[in-house]
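Engineer: Here the protein sequences come in this chain order: A and B. Here the first sequence stands for residues 1 to 113, where the numbers follow the numbering used here. Here the second sequence stands for residues 114 to 230, where the numbers follow the numbering used here. Below is the structure I would like to discuss, written out as C-alpha cells.
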Amino acid sequence: KNQVEQSPQSLIILEGKNCTLQCNYTVSPFSNLRWYKQDTGRGPVSLTIMTFSENTKSNGRYTATLDADTKQSSLHITASQLSDSASYICVVSGGSNDYKLSFGAGTTVTVRA
Amino acid sequence: DSGVTQTPKHLITATGQRVTLRCSPRSGDLSVYWYQQSLDQGLQFLIQYYNGEERAKGNILERFSAQQFPDLHSELNLSSLELGDSALYFCASSPGTSGRSSYNEQFFGPGTRLTVL
C-alpha cells in the first residue's frame, strides 16, 4: 500500500526561527511530490512540486528537497513568520494520472511571537 | 484566491437528509476532484471527473455521488446523511489529467463545511 508519512506531527517555533519538516514515502512508481500549506478551515495551497529529477525547489522562504533514491523529502521554512502557522501536507503522485495521489497526514506548525 | 469556487460555504442539516455541494473550477480547467477532510484528519480523495466523465474513484461511499456538467462545474450529492459525514468537503481543479507535473497541479477551493446534527 502506498504510504506517505510526515514528521513531526506538530511543532511550535518562535518567530524568526527556522524549521524543517520531513516526509517519507513508499509510493511507487513515483511521478512527483508536492508540498501544500493549509490554513485552518481553508483549502490547501501549493508551495512546490518536484519530479524525481529535481533535488530542490524554493518558493520564497520555503525550500523543499527531494531524494528519490531514499524516498525522502523535506520542507525547510526560513525566518518563520506568524503567518506560517498552518498545516503542511506532503502529497505524492504515483503515476501519470493525478488521481493517484497519496496524502500525508500533515505537520501542524505553530509560530509564536 | 485559487479561482475555484465552492458553494455553499457552510451547510447544517439533519441525519437522513440529502445535500448538494457545488464547485466551479478555474477557467480552462477540465478536471475536477472532490475531497473529504474530517476533523483533524487528512484529505481523503473521493472522486475525479475529467471533461464531464468520471475518471477515478477513491474512498467514496455509495450514498455519495457526483457529476460534472457540460459547463464543467461539478456537484457532489450526499444522501442519507450520518453524523460521521460532518466534514470539510474540498473541490480542486487542474488543467488536465495526465502529463507533466505542472500540467496537473491541483488548485483547491475554499471548501464547504458540512455539519450533520
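Quick reminder that beta carbons are idealized off the backbone N, C-alpha and C, glycines included.
1. Cβ atoms of B:L201 and B:G224: under 8 Å apart, would you say?
2. What are the residues that DSSP puts in a beta bridge with A:S102?
3. Just by C-beta distance, which residues in the region 148-169 of chain B are closer than 7 Å to chain A?
4. Terminal residues of the continuous beta strand (DSSP E) containing B:I125?
5. Taking 8 Å as the threshold (beta carbon to beta carbon), is A:S46 in contact with chain B?
6. Where does B:N172 sit, in a helix, a strand or coil, going by DSSP?
7. Listed in chain order, which residues of the region 116-137 of chain B have Cβ atoms closer than 9 Å to some Cβ of chain A?
8. Contact defined as beta carbons within less than 8 Å: I believe A:S102 pairs with A:V4. What is the distance between those atoms, to the nearest angstrom?
9. In whole angstroms, what separates the C-alpha of B:N164 from that of B:L185?
10. When DSSP builds the beta bridges, which residues end up paired with A:K37?
11. Taking the beta carbon of A:A79 as the centre, do at least 16 other beta carbons fall within 10 Å, making it buried, or is it exposed?
12. Going along chain B, which residues have a C-beta under 7 Å from A:F103?
13. When DSSP builds the beta bridges, which residues end up paired with B:L196?
14. What are the partner residues of B:F221, as DSSP defines its beta bridges?
Structural biologist: Here's the rundown:
1. yes
2. A:V92
3. G155, L156, F158, Q161, R168, A169
4. 123-126
5. yes
6. coil
7. V117, Q119
8. 5 Å
9. 7 Å
10. A:V45, A:Y88
11. exposed
12. G155, L156
13. B:L196 pairs with nothing; no bridge assigned.
14. B:A205
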